[in-house]
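Using this note's numbering, the first residue of the sequence shown is number 51, and each one after it goes up by one.
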Amino acid sequence: MRILLISIVLVLLTACQNTTAPPRQTAETNLSPVQSVTLEEAMERGGEIFGKDLYSSAATDFLLDKGLLNRQSGVLGWITEFKNDTPTTYFLGKKNDQYYVVFEVVFNDDDVKLVPSSAISNELSQKFTVRQDALSAIKSPCSRNYNTVVLERGDKFIVYALATTQQQEAIVAGGHYRFTYNKTDNSQVSKERLSKSCMVLSKADGAVPFTTHILTDGPLEVHAYLGKLHGLFYVSTKNGLFKAYDGKLERLKE
């Protein structure tokens, strides 16, 4: 364990850097204290975030390959849902102040289909409304583009805005947000920035990525998500050193 810890510290000095944030940043406002979640909840949410993000990306690539995603399409964004265990990504636009489904992409095992667009449900419209609100509320972005995932917990919608990068050997460990909204009226309950800085980790040339997380006692769902997306990396928290891999969070040392 001592050799591992020394190695991680050395990697931290060479494999970890702050990004140059995109232009037009303003001071972040109305931030809420970051709320802790249990390890079990962090891993459960991390898996859901990964699944929805994965299908959203695949659906986007599918439409791009068909030449359907362009400025004329009217697409503003997307929401991925799991209906009867069937992943479906809805690409939404807006007409006459009402959202509508532009494209509907359905995944069935290895088969991907573009199906006739269904009428938008109230729930889907709500989710897209809070998604758009969350994106507009980000004032200090750590990347030019953010991926979004909407989860449900009880009477709340939880919107994750995930900072992204085009660098193949990079892990964006900072700059992610968690927004919570009431289902009853779409009012914002909290706006949490899940890191202090725009942190990017390198996984090139066999480096072991390492980050420090101080806003909560333990790791969060974004760490479980990143471990599922990128593979092994380490998170140092007040509760100890954790290994994130394959969607799991394992404490190595208190």
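We put the beta carbon where it would ideally sit given N, CA and C, even for glycine.
Using C-beta distances below 7 Å, list every residue in its chain close to SER193, excluding the 5 sequence neighbours before and after it, in chain order. Around SER193, the same chain offers PRO72, ALA213, THR214, THR215, VAL222 and GLY225 as residues with beta carbons nearer than 7 Å, after the five sequence neighbours per side are excluded.
Under 8 Å between C-beta atoms of LEU299 and PHE292: Between LEU299 and PHE292, the CB-CB gap stays under 8 Å.
Option nearest LEU89 by Cα separation, candidates THR136, GLU131 and GLY268: Selected option, being the one with the closest Cα: GLY268.
Starting from LEU276, trace the alpha helix (DSSP H) in both directions and tell me its first and last residue. First-last of the alpha helix (DSSP H) with LEU276: 271-280.
Cβ-Cβ distance between THR136 and ASN158 below 8 Å: Closer than 8 Å, so yes.
Assuming contact is defined by CB atoms lying nearer than 8 Å, are ALA211 and ILE188 in contact in what I supplied? Yes; because the gap between Cβ atoms is below 8 Å, this pair is in contact.
Cβ-based neighbour list, CYS304, same chain, cut-off 8 Å, excluding 5 preceding and 5 following: It should be pointed out that residue 304 corresponds to Glu in this sequence rather than to Cys. Cβ within range, chain order: ASN289 and GLY290.
Report the rounded CA-to-CA distance for THR198 versus LYS177, giving the unit in angstroms. Annotation: THR198 to LYS177 spans about 11 Å, alpha carbon to alpha carbon.
Taking the beta carbon of ALA37 as the centre, do at least 16 other beta carbons fall within 10 Å, making it buried, or is it exposed? Any answer about residue 37 is impossible in this case: the structure gives the chain only from 51 up to 304.
What does a CB cutoff of less than 6 Å around GLU78 pick up in its chain, not counting 5 residues either side in sequence? Taken in chain order, the residues that qualify are LYS189 and SER190.
To the nearest angstrom, report how far apart ARG181 and PRO259 are at their CA atoms. Taking the straight line from one Cα to the other gives about 30 Å.
Quick check on SER186: buried or exposed, where buried means 16 or more other Cβ atoms within 10 Å of its Cβ? With fewer than 16 Cβ atoms within 10 Å of its Cβ, SER186 is classed as exposed.
Backbone secondary structure at ALA71 - three-state DSSP: Note that ALA71 scores 46 on pLDDT, short of 50, meaning its location in the model is unreliable; the coordinates nonetheless yield the value given after this. When secondary structure is reduced to three states using DSSP, ALA71 falls in the coil class, being assigned neither helix nor strand.
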